[in-house]
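Have a look at the structure below, then the notes.
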Amino acid sequence: KKYPFIAITINDSYPRVFFTRKIVRDGPLYFGPFTSARAVRRTIKSIQTLFPIRNCKGPRPGKSASTPCLNFHLERCLAPCVGEVREEEYRRMIDQVILFLKGRHQDLIQHFERRMWDYSRQEDFEKAARVRDQITALKHMIEEQKISLDEEMDLDIIASAHKEEIACIELFSTRGGKMVARDHFLLEGVKGVEERVYLSSFLKLHYQETPIVPQEILVSTDIEDRELIEQWLTQERGSRVRVSVPLKGEKKRLMEMAAENAYYDLDFLAEKRRTEKESESGVLVELKEILDLPRFPRRMEGYDISTIMGQTSVGSMVVFEEGRSKKSDYKRFRIKTVDGQDDYAMLAEVIGRRVGRWLDQTSPWDSSFKKIPDLIVVDGGKGQPSGSRKRLL
1 KKYPFIAITI NDSYPRVFFT RKIVRDGPLY FGPFTSARAV RRTIKSIQTL
51 FPIRNCKGPR PGKSASTPCL NFHLERCLAP CVGEVREEEY RRMIDQVILF
101 LKGRHQDLIQ HFERRMWDYS RQEDFEKAAR VRDQITALKH MIEEQKISLD
151 EEMDLDIIAS AHKEEIACIE LFSTRGGKMV ARDHFLLEGV KGVEERVYLS
201 SFLKLHYQET PIVPQEILVS TDIEDRELIE QWLTQERGSR VRVSVPLKGE
251 KKRLMEMAAE NAYYDLDFLA EKRRTEKESE SGVLVELKEI LDLPRFPRRM
301 EGYDISTIMG QTSVGSMVVF EEGRSKKSDY KRFRIKTVDG QDDYAMLAEV
351 IGRRVGRWLD QTSPWDSSFK KIPDLIVVDG GKGQPSGSRK RLL
């Protein structure tokens with residue numbers, strides 16, 4: 001057999017990437033030769049994961065000019081066959097595929113990062129998250145190629161990064177000296193908490209949930225209760241488990257890589273939250289001005305009445321704090337005092353019961369009733385607010 005190659009049909013309007021053993025002069029752009037056909041197919045699969053390019057055969061995309069294939073609906077293809085993507089945009093994506101195959105991974109990551117932050121600044125978080133996933137997938141592929149420890153042992157690498165009250169913990173898992181998994185975890189409410197403390201808490205929680213304990217756990221800083229945790233994990237595994245901070249060599253390099261990933265994931269989340277908060281604050285300021293409210297509407301409650309099967313009526317209460325829904329404070333009220341279909345009276349009953357629970361601070365009501373809203377919104381016409389207002393005065 002001839003050696004396998006990866007081919008890109010750059011002469012096509014919408015090029016495709018495929019496996020081949022045949023070289024055609026003045027035809028596709030070739031990468032190779034490779035010694036393993038399995039490695040070529042795995043690389044092509046990685047490309048199709050990172051880049052939504054077509055995989056249909058022939059110089060023209062698609063089997064039908066009117067209906068995209070399943071890959072489009074699975075977001076694995078941009079459907080050039082039905083004009084869902086311009087040729088220039090598709091070509092730019094093929095240029096990125098070429099960068100990937102040339103091994104220029106850092107250039108590609110920087111390009112993706114610029115796109116992600118652009119989308120984030122435009123508040124298009126769905127597209128930003130999609131590009132972030134591409135970066136994560138690409139970094140994971142690079143890491144799989146890079147990591148191969150001399151020691152054939154089971155090892156977890158745990159690094160953290162924190163900013164204000166949020167921390168991100170990055171976990172790399174190697175088994176038999178090879179990278180097998182990568183994950184990250186977000187912790188909130190860590191402002192003022194030392195890294196050694198929240199890392200210790202993470203280890204206790206994480207290894208309570210996982211059935212596999214490795215021989216060695218590398219951490220980015222010396223943790224609280226390290227010796228006790230080592231004793232517990234040794235008992236769980238049935239053989240010695242060591243928790244340590246790497247100081248040199250390959251293990252230190254892996255820790256630096258994990259720390260870099262932790263800071264990257266944390267920065268993306270922090271930027272997203274900051275932009276969302278600014279947007280939410282702007283909406284609340286505008287709402288205060290439009291309604292001429294005496295103070296900022298930090299807590300808003302909305303009420304509506306629904307009747308099930310024409311018989312059972314229920315009042316619903318939804319809550320927003322600082323511009324975000326607070327579902328833990330949502331409530332339902334079964335109507336008790338109104339017969340028939342009288343929405344005005346039912347809404348007044350619900351508002352009255354809600355205010356009554358706020359006034360009765362001595363009773364063991366849910367803590368959500370102890371907060372008074374800055375704004376109450378009711379569904380309906382002019383009659384609903386006037387009837388409810390009487391219960392507030």
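Sequence positions in the sequence shown follow the UniProt record's numbering and run 1 to 393. The beta carbon of each residue, even a glycine, is placed where N, CA and C say it ideally should be.
Taking PHE125 as the centre and dropping the five residues before and after it, the same chain places the C-beta of LYS272 closer than 7 Å to its C-beta, in chain order.
Here the alpha carbon of VAL82 sits roughly 49 Å from the alpha carbon of ASP154. Under DSSP, no beta-bridge partner is assigned to LEU70.
By the CB criterion at 7 Å, ILE308 and MET346 fall outside the cutoff. A direct Cα-Cα distance of roughly 36 Å separates ALA128 from VAL378. The residue from GLU286, ARG253, GLU188 and GLY192 with its alpha-carbon nearest to that of VAL219 is ARG253. Looking at ILE372, PRO373 and TYR344, the one whose alpha-carbon comes closest to that of GLY381 is TYR344. Fewer than three beta-carbon pairs drawn from the stretch 93-108 and the stretch 244-259 are found closer than 8 Å, and the two stretches are therefore not classed as touching.
Rounded to whole angstroms, the separation of the alpha carbons of ALA348 and ASP339 is 13 Å. Distances from the alpha-carbon of THR20 to those of TYR14, GLU188, ASP26 and PHE31 put PHE31 closest.
Cβ contact annotation for HIS140 (same chain, cutoff 8 Å, sequence separation greater than five): ARG182, in chain order. The stretch 295-302 makes contact with the stretch 366-375, as at least three CB pairs between them are under 8 Å.
Restricting attention to beta strand (DSSP E) runs no shorter than 3 residues, the stretch 229-259 encloses them at 242-244, ordered along the chain. For the pair ARG242 and GLU224, the CB atoms are not nearer than the 7 Å cut-off.
Between PHE296 and SER279, the alpha-carbon positions lie close to 15 Å from each other. The beta carbons of ILE158 and LEU171 sit closer together than 7 Å. In this structure, VAL193 and THR221 do not form a Cβ contact; the two beta carbons are roughly 13 Å apart against a cut-off of 8 Å. In this structure, the beta-carbon distance from ARG16 to ARG76 does not fall below 7 Å.
When beta bridges are read from the DSSP output, MET300 appears opposite PHE320 and LEU375.
DSSP, reduced to helix, strand and coil, places GLY352 within a helical segment of the structure shown. A buried status is given to THR43, since no fewer than 16 other beta-carbon atoms sit within 10 Å of its beta-carbon. TYR330 and VAL314 have their C-alpha atoms spaced approximately 13 Å apart.
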